[in-house]
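Numbering (this note's numbering), first residue to last: 392 to 730.
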C-alpha cells in the first residue's frame, strides 16, 4: 500500500496592508518567483482573501492581536478548487502592536500543489543542466556534420546513402539552429508555421527505418485525413520522436510499432491525434494523463515529460494507456489550425 503524502505547509509573512513581506522556498518553486520579485505584492494577487461572514480573517488578527486557526477552508488557488487549513499568527513589536502576521496554509493530502511542486522541482533540475548540455552538444554536432558531408561527397554514386546523408545534414542544421535559439531567445518564441503532421511522420519513418530493422521492429504507419496544425515543426518532431524512442526501447527483442493519425473532437475543440502503439513490456498501470517516472538506467520518463510540456505549450495534451506486459499506447493531441 502506497504511503500517504504528508501535509505540506506554505508560509507567507504579510504586513498590515496584506502585502507580502516574504514567503517560503516551496512557494518560490511553485510560482517560479523569488521573494525579491513578489515582495510588496498584495495577497489577493496570489490567492483569494480568507473571509467568513464577510469579515477578512487576517485583518481581524491585526485588529485583536489573537492567533486564529481555520480548518478545511475552501479556496481557489493556481492548482484549482481545493481545501486548506490556515494558521494566522500575529507578530508584535515591543509595545504589543501587531506589525505583521505569519500566514501558514496547510494543504490537504490530496492537494494538487504537491504534484505541481514535484513537477516544478523536476523542471528546475532539468533547467540547471540544459544550457550546459546545449553548449556541449554543438561541437560534436559540427564534427558529425563534417563527416556526413564527406561521406556523401565520397560515395555520391550510392543513391540510398546520399538520400540518408541529406536527411542527416538537414536534421543536424535544424538541431544547431534550435540550440542557437534555445541559448538566445525565450522558449515562448516558437516560430509557428502551418504543418502537415503526416509529412513529418513520413520523414520520421525514414529516419528510424535502419534502427527499426536492426531491432527487428516492424513499423506500420496509417496516415489519416487530417487538418494542418500551427506549430513549430521541430518541436513537434522532437515530441513524436521521444515517444517513438521509448517504444523502440520497450521492444528490445522486436515487435510492432503502429503510428496512426486521425481527427478527434474533445470538448468542442478539434484535435489532430497522433497515436503511437508498441507491443513492448508496457509500464505500470496508471491514469490516462500521468507521465511515468524515469526508469532505472533508461531515463524513459524524461522524454515523455518533455513531450507533454511541448504539447501543453501549444494547448494540446497527451494520454497514456498501458499495462505491464501488454504494450503501450500514447495519444498526442495537437489543436487543429483554424486559419
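All C-beta atoms, glycine included, are put in the ideal place defined by N, C-alpha and C.
Distance check for residue j and residue i, CA to CA, integer angstroms please.
i: residue 614; j: residue 646; result: 20 Å
i: residue 639; j: residue 728; result: 30 Å
i: residue 412; j: residue 493; result: 10 Å
i: residue 720; j: residue 452; result: 54 Å
i: residue 379; j: residue 488; result: With the chain covering only 392 through 730, there is no way to say anything about residue 379.
i: residue 706; j: residue 429; result: 28 Å
i: residue 658; j: residue 400; result: 36 Å
i: residue 711; j: residue 722; result: 7 Å
i: residue 595; j: residue 601; result: 11 Å
i: residue 408; j: residue 699; result: 40 Å
i: residue 717; j: residue 669; result: 9 Å
i: residue 540; j: residue 546; result: 10 Å
i: residue 442; j: residue 435; result: 12 Å
i: residue 470; j: residue 404; result: Residue placement at residue 470 is poorly supported in this model, since its pLDDT is 45, which falls under 50; the coordinates still yield a value, given next. Approximately 21 Å between the Cα atoms of the pair.
i: residue 481; j: residue 655; result: 55 Å
i: residue 534; j: residue 644; result: 33 Å
i: residue 486; j: residue 697; result: 55 Å
i: residue 414; j: residue 704; result: 28 Å
i: residue 713; j: residue 497; result: 35 Å
i: residue 548; j: residue 542; result: 11 Å
Which of the three DSSP states is assigned to residue i in this structure?
i: residue 434; result: helix
i: residue 410; result: strand
i: residue 718; result: coil
i: residue 725; result: strand
i: residue 738; result: This structure leaves residue 738 out entirely; the chain is present only between 392 and 730.
i: residue 441; result: coil
i: residue 589; result: helix
i: residue 656; result: strand
i: residue 559; result: helix
i: residue 404; result: strand
i: residue 627; result: helix
i: residue 648; result: strand
i: residue 642; result: coil
i: residue 463; result: strand
i: residue 531; result: helix
i: residue 485; result: coil
i: residue 493; result: strand
i: residue 457; result: coil
i: residue 550; result: helix
i: residue 706; result: coil
i: residue 668; result: strand
i: residue 425; result: coil
i: residue 564; result: helix
i: residue 600; result: helix
i: residue 415; result: coil
Checking 8 Å against the spacing of the C-beta atoms, do residue i and residue j come in under that value?
i: residue 532; j: residue 558; result: no
i: residue 663; j: residue 652; result: yes
i: residue 566; j: residue 622; result: no
i: residue 665; j: residue 620; result: no
i: residue 617; j: residue 610; result: no
i: residue 624; j: residue 671; result: no
i: residue 702; j: residue 667; result: no
i: residue 588; j: residue 612; result: no
i: residue 432; j: residue 410; result: yes
i: residue 476; j: residue 461; result: yes
i: residue 426; j: residue 419; result: yes
For residue i, which of the options has the nearest alpha-carbon?
i: residue 438; options: 453, 474 and 641; result: 474
i: residue 457; options: 464, 440 and 478; result: 478
i: residue 537; options: 602, 483, 654 and 561; result: 561
i: residue 591; options: 626, 603 and 695; result: 626
i: residue 483; options: 463, 464, 476 and 454; result: 454
i: residue 606; options: 440, 589 and 648; result: 648
i: residue 695; options: 704, 637 and 650; result: 637
i: residue 491; options: 497, 464, 419 and 449; result: 449
Checklist entry - If we count Cβ pairs, one from each stretch, closer than 8 Å, do we get three or more for the region 544 to 560 versus the region 620 to 632? => result no
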